[in-house]
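These notes are about the structure you will find just below.
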Amino acid sequence: MRASVATRSLVGGPSLGRATLVIGGALVVFLASVVVAVGLGSVEVGLPEAIGIIGQRLGLPVTETWAATAPTILFEVRLPRVLAGALVGAGLGGAGVVFQALLRNPMADPYVIGTAAGASLGAVLAITAPVLVPALALGAGTAWLGIGLAQVLAFAGGLGAVALVLVIARQGGRSNVVTLLLTGYAVSSLLAAVVALLLVSSGRALASVVGWLLGSLGGAGYPELAVAAPLVLGGSAWLLVRWRTLNLLLLGDEAAAGLGVDLVPARRGLVLLATLVTSAAVALAGTIGFVGLVVPHLVRLAIGPDHRLLLPVSCLGGAALLVLADMAARLVGGVPVGVVTALIGAPFFLWLLHRAAGATTTP
Amino acid sequence: MPARRIRAFAPFLLILAVACQPASPSPSPPKPSMAPSAGAYPLVLTDDAGRQVTLPAEPERIVSLAPSNTEIACALDACDRLVGVTDFDDYPAEVAEIPDVVILAVVDIELVVDADPDLILAAGNELTPSAVITQLTDLGYPVLVLYPASLDQVLENIELIGEAINAREQADSLTADLRARIAAVGDAVTGAARPRTFYEVSVFAGTIYTAGRDSFLASLIELAGGDPITGDALTFAIALEDLLVADPELILLGDAAYDPSVTPEAVSARQGWGAISAVQNGRVVVMLADPVITRPGPRIVDGLEALARAIHLDRFD
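Line order of the protein sequences matches chains A and B. Take 1 as the starting number for the first sequence in this note's numbering and just add one per residue. Take 1 as the starting number for the second sequence in this note's numbering and just add one per residue.
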């Protein structure tokens with residue numbers, strides 16, 4: 001009886017009222033995080049001033065009560081960084097959900113089958129090339145459409161590494177989840193070794209390389225956002241459309257086949273889409289950890305495993321978490337945002353896990 | 001671990017020269033014959049990154065993103081025009097009063113914008129990350145990137161900043177003074193035997209870091225009358241085996257300036273180091289002057305003098 005209800009709700013979706021409530025709530029949390037994060041920073045811009053500055057931008061007749069630098073700080077420095085945090089957090093949160101479903105593995109995150117290692121190799125190559133080959137120093141700083149070489153190569157590296165993993169994992173017939181995971185692990189290790197080799201010989205670029213590997217939202221401007229946003233948002237929307245397939249994946253290949261769905265081609269499409277989203281997010285901000293692994297779990301603990309809600313709420317939750325974590329990093333100064341996500345997120349996650357475990361053992 | 005590693009590198013990353021920099025100051029605009037303060041602006045300068053930087057008027061609000069730039073600005077009597085510095089800045093003492101806009105080696109763009117600068121003095125060679133230079137330039141600030149790869153280029157940088165902030169006379173008299181002191185060091189060590197000199201930048205997790213091949217630090221040791229033993233040009237590391245083969249006659253402990261546990265006794269107790277001539281002959285010297293040796297500001301000549309004294313004590317009174 002219970003099982004049939006669960007199956008029905010997994011395939012048929014939640015009631016409209018609950019969906020509206022849950023997604024609406026997540027949207028409110030996300031928007032609130034954006035407002036708070038734009039309002040706080042190392043330079044204080046008061047709320048009345050901020051409202052006045054926005055009013056002036058909208059063409060309203062407002063008397064200037066703020067420092068001449070305040071609009072620049074709000075619109076040119078803080079807002080793009082907050083938007084980048086939202087975009088990267090949304091991408092990682094959503095892609096994390098998809099990878100956990102695809103691989104039926106709670107330890108899976110968006111980086112697990114090679115995206116992070118490939119993207120790191122691309123970015124680190126771009127940063128260290130002028131050091132290793134002095135002739136290339138002349139070309140450093142060139143940008144396509146306002147996008148730096150490191151971002152372009154990170155995006156290509158993420159996609160390339162996963163493509164390589166898929167090709168290798170397919171050898172010898174149809175790939176299964178375990179082969180895919182192990183292949184991803186092996187390829188990641190190989191690429192990480194090359195990254196480490198470049199790291200020790202990066203000389204003066206060492207600080208830039210380490211900064212990229214730790215992840216930072218500071219370098220993202222509007223041109224980068226304009227390219228990354230369609231990739232992340234478009235990819236996530238496309239994934240959301242396939243929520244039924246994601247739900248079926250939870251049942252396993254045989255059960256899905258029993259319902260008349262062949263999951264093998266479906267799975268490959270999902271891997272590529274989620275990799276596209278992840279690579280765009282990583283290219284924008286470096287390898288920020290924790291968000292893609294833990295946000296899906298947090299959301300699943302709160303609202304259950306149905307992807308129709310889990311995916312959009314994880315996107316919004318990941319966005320809110322990263323926006324707030326980056327705000328904390330900005331306020332403290334000099335702290336990588338990935339450190340903040342783990343420092344605040346991990347204890348919270350442990351507490352939730354503990355509570356969930358308690359709830360299942362007590363009748 | 002990476003953060004510690006960066007910290008260990010930070011001082012001498014500053015002075016490492018790997019690639020040739022087009023470092024000469026720009027072909028200066030025609031000098032006004034009488035009053036250099038009038039009519040010189042707008043001024044177009046070429047910085048060490050080869051970028052054209054336009055200054056519409058004499059800078060009154062200067063942000064410095066590196067301690068060496070701060071020291072140069074202050075040596076040119078422009079300390080009171082600095083509106084933002086780094087949390088590493090410690091000289092001259094009055095810079096402690098100036099707000100920090102670089103915290104733990106990270107440039108806080110909001111604080112830079114809030115300081116409302118009309119000139120930003122950045123460091124080249126990724127010391128100020130190129131992404132930050134691009135971002136600040138895009139925000140419309142004149143960003144002058146300074147990256148001296150040799151002692152001569154430090155002097156050129158002083159003249160370039162002097163030109164930028166309309167302190168050319170102070171810059172000329174400062175560099176004339178520094179040139180005379182550099183020449184005096186050269187005279188003092190001329191003809192003396194050049195001891196094989198190993199400068200220890202740091203020893204971290206068993207890896208020995210020193211002056212890289214063709215680096216700024218190596219060139220300073222040469223100017224001070226030593227024959228520098230160098231490490232890899234990129235990693236600045238030297239294997240203990242290579243160090244033993246090179247057999248330094250003199251060891252200078254730059255890291256002793258920051259870590260009191262680095263002493264000549266501790267060095268001679270290290271596994272394998274007892275075979276080195278310098279250790280056997282008691283020629284292991286603590287270099288408390290490391291901060292000025294590795295900071296390409298006006299005090300680098302103090303550093304050169306300290307090096308020359310350590311290498312050729314007999315030539316100085």
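Backbone N, C-alpha and C define an ideal beta-carbon position, used for all residues, glycine too. Given the structure is predicted, the values throughout are model-derived calculations rather than measurements.
Secondary structure note for Ser-277 of chain B: its alpha helix (DSSP H) is the uninterrupted segment 277-280.
Taking 7 Å as the cut-off, the Cβ atoms of Val-63 of chain B and Ala-115 of chain B count as close. Taking a Cβ-Cβ threshold of 7 Å, the residues of chain B close to Ile-73 of chain A are Glu-110, Val-113 and Asp-114, in chain order. Between Thr-207 of chain B and Gly-231 of chain B, the gap from beta carbon to beta carbon reaches 7 Å or more. The C-beta of Thr-69 of chain A comes closer than 7 Å to at least one C-beta of chain B. A Cβ-Cβ contact shorter than 7 Å links Ala-319 of chain A with Ala-90 of chain A.
Bounds of the beta strand (DSSP E) holding Gly-84 of chain B are 82-86. Taken through DSSP and simplified to helix, strand or coil, Leu-352 of chain A comes out as helix. The Cβ-Cβ distance between Ile-251 of chain B and Val-292 of chain B does not fall below 7 Å. Contacts between Glu-76 of chain A and chain B, judged by CB atoms closer than 7 Å, involve Leu-139 in chain order. The criterion of a C-beta distance shorter than 7 Å is not satisfied by Ala-274 of chain A and Ala-154 of chain A.
Of the candidates B:Glu-305, B:Ala-180 and B:Thr-235, the residue whose Cα lies closest to the Cα of Glu-222 of chain B is B:Glu-305. A distance of 7 Å or more separates the beta carbons of Ala-116 of chain A and Thr-341 of chain A. Residue environment analysis places Glu-200 of chain B among the buried positions, since at least 16 neighbouring C-beta atoms fall within 10 angstroms of its C-beta. At a cut-off of 7 Å between beta-carbon atoms, Pro-99 of chain B makes no contact with chain A. Bounds of any beta strand (DSSP E) do not take in Arg-204 of chain A, whose DSSP letter is neither H nor E. Nearest C-alpha to Phe-348 of chain A among A:Leu-298, A:Gly-122, A:Gly-211 and A:Val-62: A:Leu-298. Rounded to the nearest whole angstrom, the C-alpha separation of Glu-76 of chain A and Arg-300 of chain A is 36 Å.
A straight-line Cα-Cα distance of about 10 Å links Ser-202 of chain B and Asp-259 of chain B.
Where Ala-283 of chain A is concerned, there is no enclosing beta strand (DSSP E), although the alpha helix (DSSP H) around it starts and stops at 263-285.
Here Gly-85 of chain A has Leu-217, Leu-322, Val-323 and Asp-326 as same chain residues with Cβ atoms under 6 Å from its own Cβ, once five neighbours each way along the sequence are excluded. In this structure, Asn-157 of chain B sits away from Glu-58 of chain B, with a CB-CB distance that is not shorter than 7 Å. For Pro-223 of chain A and Ala-256 of chain A, the gap between their C-alpha atoms comes out near 43 Å.
Judged by beta-carbon spacing, Ala-257 of chain B lies beyond the 7 Å limit of Ile-229 of chain B, meaning their Cβ atoms are not closer than that value. Taking each of A:Gly-96, A:Gly-25, A:Leu-231 and A:Thr-65 in turn and checking the Cα distance to Leu-293 of chain A, the smallest one comes out for A:Gly-96. Beta-bridge pairing by DSSP links Ala-237 of chain B to B:Tyr-209.
Looking at B:Leu-160, B:Leu-151 and B:Glu-97, the one whose alpha-carbon comes closest to that of Leu-178 of chain B is B:Leu-151. Taking every protein chain shown into account, the CB of Asp-80 of chain B has fewer than 16 other CB atoms within 10 angstroms, so this residue is exposed. Taking 7 Å as the CB threshold, Ser-208 of chain A lines the interface with chain B. Going by DSSP, Thr-137 of chain B is part of the alpha helix (DSSP H) stretching over 130-138.
Ranked by Cα distance from Gly-203 of chain A, the options B:Gly-303, B:Glu-126, B:Ile-109 and B:Tyr-91 are led by B:Glu-126.
Look at the segment 217-230 of chain A: the residues with a C-beta under 9 Å from a C-beta of chain B are Gly-218, Gly-219 and Gly-221.
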